[in-house]
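Each remark here refers to the structure printed beneath this line.
Protein chains: 4
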Amino acid sequence: MTTQTPRGDTRARILDVAMELFAEHGYEKTSLREIADRLGVTKAALYYHFRTKEDILAGIVDSMSAPIEDAIAWGEQQEYSPGLRDEIIRRFAEGMAGRQPLLRFFHENQPTIRELAVGSRFKERMMALTRLMQGPEPTFEDRVRAAISLMAINVTQFIAEACADDPASAAQLPDESERRDVALRVSLDIADRIGKPADGAQ
Amino acid sequence: MTTQTPRGDTRARILDVAMELFAEHGYEKTSLREIADRLGVTKAALYYHFRTKEDILAGIVDSMSAPIEDAIAWGEQQEYSPGLRDEIIRRFAEGMAGRQPLLRFFHENQPTIRELAVGSRFKERMMALTRLMQGPEPTFEDRVRAAISLMAINVTQFIAEACADDPASAAQLPDESERRDVALRVSLDIADRIGKPADGAQ
Amino acid sequence: MTTQTPRGDTRARILDVAMELFAEHGYEKTSLREIADRLGVTKAALYYHFRTKEDILAGIVDSMSAPIEDAIAWGEQQEYSPGLRDEIIRRFAEGMAGRQPLLRFFHENQPTIRELAVGSRFKERMMALTRLMQGPEPTFEDRVRAAISLMAINVTQFIAEACADDPASAAQLPDESERRDVALRVSLDIADRIGKPADGAQ
Amino acid sequence: MTTQTPRGDTRARILDVAMELFAEHGYEKTSLREIADRLGVTKAALYYHFRTKEDILAGIVDSMSAPIEDAIAWGEQQEYSPGLRDEIIRRFAEGMAGRQPLLRFFHENQPTIRELAVGSRFKERMMALTRLMQGPEPTFEDRVRAAISLMAINVTQFIAEACADDPASAAQLPDESERRDVALRVSLDIADRIGKPADGAQ
DNA sequence: GATGAATGAGAATTCATTCAT
DNA sequence: GATGAATGAATTCTCATTCAT
Numbered sequence: 001m002t003t004q005t006p007r008g009d010t011r012a013r014i015l016d017v018a019m020e021l022f023a024e025h026g027y028e029k030t031s032l033r034e035i036a037d038r039l040g041v042t043k044a045a046l047y048y049h050f051r052t053k054e055d056i057l058a059g060i061v062d063s064m065s066a067p068i069e070d071a072i073a074w075g076e077q078q079e080y081s082p083g084l085r086d087e088i089i090r091r092f093a094e095g096m097a098g099r100q101p102l103l104r105f106f107h108e109n110q111p112t113i114r115e116l117a118v119g120s121r122f123k124e125r126m127m128a129l130t131r132l133m134q135g136p137e138p139t140f141e142d143r144v145r146a147a148i149s150l151m152a153i154n155v156t157q158f159i160a161e162a163c164a165d166d167p168a169s170a171a172q173l174p175d176e177s178e179r180r181d182v183a184l185r186v187s188l189d190i191a192d193r194i195g196k197p198a199d200g201a202q
Numbered sequence: 001m002t003t004q005t006p007r008g009d010t011r012a013r014i015l016d017v018a019m020e021l022f023a024e025h026g027y028e029k030t031s032l033r034e035i036a037d038r039l040g041v042t043k044a045a046l047y048y049h050f051r052t053k054e055d056i057l058a059g060i061v062d063s064m065s066a067p068i069e070d071a072i073a074w075g076e077q078q079e080y081s082p083g084l085r086d087e088i089i090r091r092f093a094e095g096m097a098g099r100q101p102l103l104r105f106f107h108e109n110q111p112t113i114r115e116l117a118v119g120s121r122f123k124e125r126m127m128a129l130t131r132l133m134q135g136p137e138p139t140f141e142d143r144v145r146a147a148i149s150l151m152a153i154n155v156t157q158f159i160a161e162a163c164a165d166d167p168a169s170a171a172q173l174p175d176e177s178e179r180r181d182v183a184l185r186v187s188l189d190i191a192d193r194i195g196k197p198a199d200g201a202q
Numbered sequence: 001m002t003t004q005t006p007r008g009d010t011r012a013r014i015l016d017v018a019m020e021l022f023a024e025h026g027y028e029k030t031s032l033r034e035i036a037d038r039l040g041v042t043k044a045a046l047y048y049h050f051r052t053k054e055d056i057l058a059g060i061v062d063s064m065s066a067p068i069e070d071a072i073a074w075g076e077q078q079e080y081s082p083g084l085r086d087e088i089i090r091r092f093a094e095g096m097a098g099r100q101p102l103l104r105f106f107h108e109n110q111p112t113i114r115e116l117a118v119g120s121r122f123k124e125r126m127m128a129l130t131r132l133m134q135g136p137e138p139t140f141e142d143r144v145r146a147a148i149s150l151m152a153i154n155v156t157q158f159i160a161e162a163c164a165d166d167p168a169s170a171a172q173l174p175d176e177s178e179r180r181d182v183a184l185r186v187s188l189d190i191a192d193r194i195g196k197p198a199d200g201a202q
Numbered sequence: 001m002t003t004q005t006p007r008g009d010t011r012a013r014i015l016d017v018a019m020e021l022f023a024e025h026g027y028e029k030t031s032l033r034e035i036a037d038r039l040g041v042t043k044a045a046l047y048y049h050f051r052t053k054e055d056i057l058a059g060i061v062d063s064m065s066a067p068i069e070d071a072i073a074w075g076e077q078q079e080y081s082p083g084l085r086d087e088i089i090r091r092f093a094e095g096m097a098g099r100q101p102l103l104r105f106f107h108e109n110q111p112t113i114r115e116l117a118v119g120s121r122f123k124e125r126m127m128a129l130t131r132l133m134q135g136p137e138p139t140f141e142d143r144v145r146a147a148i149s150l151m152a153i154n155v156t157q158f159i160a161e162a163c164a165d166d167p168a169s170a171a172q173l174p175d176e177s178e179r180r181d182v183a184l185r186v187s188l189d190i191a192d193r194i195g196k197p198a199d200g201a202q
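Chains as they are written, first to last, in full-length UniProt numbering: chain A, 1 to 202; chain B, 1 to 202; chain C, 1 to 202; chain D, 1 to 202.
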């Protein structure tokens, strides 16, 4: 709907390949030559589409922001309630589904993203999301639970991958969709304690 | 009386400064020149103490491993029980206390650590810890809860820092020690569900 | 009309200059900076045309191999005879004529060439040539004569240069073409004894 | 008889090890650290015995010069004759016997030795030797034969080594002493033509 | 007779970037 | 829309050398 160049889209292919490589080796260690090579074009071609390497990064980050922004926009219209909180988690999880490379990408490039302008925008969005989940007058503990709750959605994929490498746990690894259910369950559980007084768990 | 290098321990000073810089800007973006400059020595001096840049990294990682290994060694002697699980979390939290730069360092350099040999050793240790927490015949969900539970210990510090930057939440930020209590509480809460059937939270 | 780089062929110019410098100071002591400076380009330009310093070396070696390979290819088609032997020497001498810098280059960089992969290819070629000169069932002595016979072609140039530096012998130094005749004569003489029994010269 | 430090002689051990390594990898590519490591001492220790790396080289070259100088001294006392010529070759061959590493060393480090002061001394000696072999009023061709004749002594060892690597010729490789006989025979043969008019060999 | 710590100079190599075509 | 050629700045790393102890 909002694509700029419907087809034959080199620009989009660059973003795709770049994201893959940034996710695999990190932003710093990925050179423009690698991106160009994998695309079968020259480095100079990248500069036709993006002004700098950082611009490519920004392009990727932006492409991920849409679903998060949708969730925020929706959430800001609603009155706070535990149900809202859960619904935000569900929408966030849905938005992230099928974006594993992007998730990995974010997970792996935190110092870079943070230092690179594009980072503050992204951080601001994540904080906005967690604010919506915290209700009025949250304690610090509430904030922590909200943030970890969202984190659980993303991190579950990586735990699955780590298990896959481990002979002991590799056996009964659930499939993609079951994994998402687990992530959601754990995330909701964590969020469930938000706003409740500590019940002496310690 | 005041020698240029207070206590001969250049090697240790290198590790310290390197960790700080790696944590701040990431491993890749930190050059040996920066490390040397901040120490007031030449680049070549670093090479007298470490064979490669990667060796410096390994040195840092190893210095963090001791407390984790202690926790593992202890845990492997015990019979499994929920109480053991909680005790492991407590020991882990205690081991991490006061090591904020190290924590940040790990959080920020995942792709590098992973690709750099030293990574697998570290990952193996973390997985051993989570295995101890899972009890016999864990489900995938149990594994996820165990992993996120440990993660909560580390991540809480960063959430605090993020809040500090945010005018809305900066006000009532708790102090270091209270933060650790929060982290522990949240972590134990998450771990509490390990081994229990899903109670229809979703 | 007078562009900075007369005939676009930077790659070839690099090979030329590199060979000259390698011949003069040796491969190890010649830095890429020297090569670049003498060409009026930057070091990085060299890397546009060659992947490594070693690749430049390989390029030079390969450029010398053609005439040798021609001689081998021709020789392998022929039946062995003393006449063949002499003809191989002549073809080799002809192939080397006018390649003094290359010859010097080889003479001076033996340890490097040997250790650098490109070396075994070259050595193999020289051995193939000597094999053609040895006839069937050669003795070790035959091999030695064959090898030294070829060596004589190359080495004569350097002896001439050494004489040039020596006041006593500098006077009646022959010119380039007469030098080649001498080399050929000596070489053929040495080869002449191949296959003949020792005549009690000792 | 002329050793300076009879026993426990680090200085001599340094020369030995250095020669070996220079012969194997070349002077430039051999670092003082390698030498020190193989000796089980520190780099700094080398500096106790030699002022510079170049001094180590000079030490090696000098240690080789003695037998050559003896041959020269003896030769300069004699009247020229073909018999003298042969005797010089024999003395040179004898002097070189059992010094394979040294020979290799010289063969491999020509550009360095030439550029390093020590080089001219050595070259002068070799030229003096060849002069003694040439008789009065030598032609350029005589000089070439004389030089190659000496070269044959040294080069035979390397040809043997090359054959050893070659499956086709490795079989009937003669032993050390027989190799020396071959070298001497070939050398004398080459020298035999000195002073005689070309006999239409071409 | 030797070491431990450090230096200064320089090496090869990589990279983001530019620009004429 | 893209390429080929090149650059400038930086990076990791190596090395001969020095010197206080």
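Glycine is no exception: its CB is placed at the ideal position from the N, C-alpha and C atoms. Everything numeric in this text was worked out from a predicted model, so none of it was measured.
Member of the options whose CA lies at the smallest distance from the CA of residue i
i: Asp9 (chain C); options: C:Leu116, C:Thr130, C:Leu39 and C:Leu21; result: C:Leu39
i: Glu161 (chain A); options: B:Pro138, B:Arg193, B:Val182 and B:Met127; result: B:Met127
i: Ala93 (chain D); options: D:Ile60, D:Arg125, D:Lys53 and D:Ser149; result: D:Ser149
i: Gly98 (chain A); options: A:Glu115, A:Pro67 and A:Ile113; result: A:Pro67
i: Val41 (chain A); options: A:Ile14, A:Gly119 and A:Ser65; result: A:Ile14
i: Gly75 (chain A); options: A:Leu132, A:Glu54 and A:Leu116; result: A:Leu132
i: Ser65 (chain A); options: A:Leu116, A:Met96 and A:Asp165; result: A:Met96
i: Leu84 (chain B); options: B:Ala44, B:Asp165, B:Gln134 and B:Thr156; result: B:Gln134
i: Gln77 (chain C); options: C:Ser31, C:Tyr48, C:Leu129 and C:Ala36; result: C:Leu129
i: Gly26 (chain B); options: A:Leu116, A:Arg121 and A:Arg125; result: A:Leu116
i: Arg125 (chain A); options: A:Pro82, A:Phe158 and A:Glu69; result: A:Glu69
Sequence-distant residues of the same chain with beta carbon closer than 7 angstroms to residue i, five excluded per side
i: Ala23 (chain A); result: Pro101, Arg104, Phe105 and Glu108
i: Ser169 (chain B); result: Cys163
i: Glu34 (chain B); result: Leu21
i: Glu28 (chain C); result: Thr112
i: Asp62 (chain D); result: none
i: Lys53 (chain C); result: Leu32
Chain-order list of residues whose beta-carbon lies under 6 angstroms from that of residue i (same chain, five-residue window excluded)
i: Asn154 (chain A); result: Leu103
Through-space distance from residue j to residue i, alpha-carbon basis
i: Arg185 (chain C); j: Met151 (chain C); result: 13 angstroms
i: Arg193 (chain C); j: Ala146 (chain C); result: 9 angstroms
i: Arg179 (chain B); j: Gln172 (chain A); result: 37 angstroms
i: Pro167 (chain B); j: Ala71 (chain B); result: 38 angstroms
i: Arg51 (chain B); j: Val17 (chain B); result: 17 angstroms
i: Gly59 (chain D); j: Arg114 (chain B); result: 50 angstroms
i: Asp165 (chain D); j: Pro197 (chain C); result: 26 angstroms
i: Glu79 (chain A); j: Thr139 (chain B); result: 37 angstroms
i: Leu57 (chain A); j: Tyr47 (chain D); result: 53 angstroms
i: residue 205 (chain C); j: Arg143 (chain B); result: Not covered by the structure: residue 205 (chain C). The range shown for chain C is 1 to 202.
i: Lys43 (chain B); j: Asp55 (chain B); result: 14 angstroms
i: Thr156 (chain A); j: Lys123 (chain B); result: 16 angstroms
i: Ala45 (chain D); j: His49 (chain B); result: 19 angstroms
i: Val182 (chain C); j: Val118 (chain C); result: 31 angstroms
Buried versus exposed call for residue i [16 or more other C-beta atoms within 10 Å across all chains shown]
i: Gln110 (chain A); result: buried
i: Asp175 (chain D); result: exposed
i: Pro136 (chain B); result: exposed
i: Ser177 (chain B); result: exposed
i: Ala12 (chain B); result: exposed
i: Ser187 (chain B); result: buried
i: Asp86 (chain A); result: buried
i: Glu141 (chain C); result: buried
Cutoff 8 angstroms; reference residue i; Cβ partners in own chain excluding five residues on either side
i: Arg90 (chain D); result: Leu184
i: Ile190 (chain A); result: Arg145, Ile148, Ser149 and Ala152
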